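Novice: Before anything else, here's the structure in question.
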Amino acid sequence: MGFLDETFLQSANAAYDAIMNGYVYVDDKGRLHLDQTVKVGTLNFKSSKGDFDYYVTTERRLDDYKGLAALLYASIELKR
Numbered sequence: 066m067g068f069l070d071e072t073f074l075q076s077a078n079a080a081y082d083a084i085m086n087g088y089v090y091v092d093d094k095g096r097l098h099l100d101q102t103v104k105v106g107t108l109n110f111k112s113s114k115g116d117f118d119y120y121v122t123t124e125r126r127l128d129d130y131k132g133l134a135a136l137l138y139a140s141i142e143l144k145r
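Here's what the structure looks like:
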């Protein structure tokens with residue numbers, strides 16, 4: 066996609082490796098999973114400020130599409 070210049074590549078690779086090593090796993094049937102994606106995609110401004118506490122206390126999901134899509138894009142970009 067080319068959104069960032071190459072000065073960010075080392076940090077991007079480190080972040081990607083941390084996600085792959087900490088949140089992606091293969092189950093006993095050989096399927097890949099992404100764990101700990103935040104459930105919400107929008108904020109309810111009546112009950113949340115969208116701050117750090119909101120995101121670290123909200124429910125998490127396994128294989129949530131928002132997280133999987135971002136992981137796929139990152140994988141494609143970093144493996145070019």
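For the sequence shown, my numbering begins at 66 and goes up steadily by one. Every residue gets a Cβ at the ideal spot worked out from N, C-alpha and C, and that includes glycine. Model, not experiment: these values are computed from the prediction.
Apply the 10 Å Cβ neighbour rule to L74 and answer buried if 16 or more other Cβ atoms are within range, or exposed otherwise.
Specialist: Indexing the sequence shown from 1 puts residue 74 at position 9. Flag for L74 reads exposed.
Novice: Hey, how far is the Cα of L136 from the Cα of K111?
Specialist: Taking the sequence shown and counting its residues from 1, the one referred to as residue 136 is at position 71. Taking the sequence shown and counting its residues from 1, the one referred to as residue 111 is at position 46. Answer to the nearest angstrom: the Cα atoms are 30 angstroms apart.
Novice: Under three-state DSSP, which class holds T102?
Specialist: Along the sequence shown, read from residue 1 onward, the residue named residue 102 stands at position 37. In the structure shown, T102 sits in a strand (DSSP, three-state: E or B).
Novice: Pick out whichever of Y138, V89, T122 has its Cα sitting closest to the Cα of V105.
Specialist: Translated into the one-based positions of the sequence shown, residue 105 becomes position 40. The candidate whose alpha carbon is nearest that of V105 is T122.
Novice: Below 8 angstroms on the Cβ atoms is my guess for D82 versus Y90; work out the distance and round it to an integer in Å.
Specialist: Counting from one through the sequence shown, the residue named residue 82 turns up at place 17. Counting from one through the sequence shown, the residue named residue 90 turns up at place 25. No, D82 and Y90 are not in contact; Cβ-Cβ is about 14 angstroms, not under 8 angstroms.
Novice: Please report the Cβ distance between H98 and D128, rounded to the nearest whole angstrom; I am assuming they are in contact, meaning their Cβ atoms lie under 8 angstroms.
Specialist: The residue given as residue 98 occupies position 33 in the sequence shown. The residue given as residue 128 occupies position 63 in the sequence shown. With 8 angstroms as the limit, H98 and D128 qualify as a contact, their Cβ atoms being about 6 angstroms apart.
Novice: Count the other CB atoms, across all protein chains shown, that sit within 10 Å of the CB of G132; report buried if there are 16 or more and exposed otherwise.
Specialist: By 1-based counting over the sequence shown, the position of residue 132 is 67. It is buried - the Cβ of G132 has at least 16 other Cβ atoms within 10 Å.
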